[in-house]
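Novice: Read in order, the letters of the sequence shown are residues 3 to 171 in the working numbering.
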Amino acid sequence: MDNHRSLSQAFDDLTLAERANSFFARFPIFALNSTALIEDEFERLAKEQGWARNSTAYRRNRNRCLIEEFVARFGTVGGASKLEKWQELCDEVGMEDAPNSITQCKKALNSVNVNLVDLINARRAGESVKCFRTRKELVAYTRKTPGKIFPKELAKQDGFIRALLVQLY
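#1: Using a threshold of 7 Å, state whether the C-beta atoms of Arg125 and Arg75 are closer than that.
#2: In whole angstroms, what separates the C-alpha of Cys107 from that of Asn115?
#3: Check whether the region 89-97 and the region 122-139 touch, using three or more Cβ-Cβ pairs below 8 Å as the test.
#4: Which whole runs of the alpha helix (DSSP H) in the region 20-74 are 4 residues long or more, in chain order?
#5: Val95 by DSSP, collapsed to three states: which one?
#6: So Asn117 packs on Ile40, CB below 8 Å; how close in whole Å?
#7: Is the CB of Arg66 under 7 Å away from at least one CB in chain D?
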């Protein structure tokens, strides 16, 4: 596993099919800024589409957006190189040496305190993601910062996301 692989290279490696699976690909007229914060781009799209902030359409589309953007940028646990994908995620959250098995990767990721929306944003911008020292700090940040709560019901469906999921309430 190459620990020196850049984040922007990881985005460049996305296939056209993976990019097409991005939530925003459904809106070809929308001028997407692929390096902007996901929550800002979604808010801009919601405004263009007329989705009121507390509406069902807004919530449903925001959830869909976050899940599809995560999958488009990180892939899913399926596929031929499962271990490699897990190791890439370990590298992404700042682990010096990624574990040598999927089970070890999951255990290691379970102790990482990272906001999932921030993880997407870091990949979008080609930057490192902020990791919090404690779960308490992560929970406080996630609760108080608008747009940082990832849809829990959907997160449980994907192994990568589930490994990083933190109980907020």
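We treat Cβ as the ideally placed atom computed from N, Cα and C, and that holds for glycine.
Specialist: Let's see:
#1: yes
#2: 14 Å
#3: yes
#4: 40-51
#5: coil
#6: Rounded, the Cβ-Cβ distance is 11 Å, inconsistent with contact.
#7: Going by chain labels, chain D is absent from the structure shown, which holds only one protein chain.
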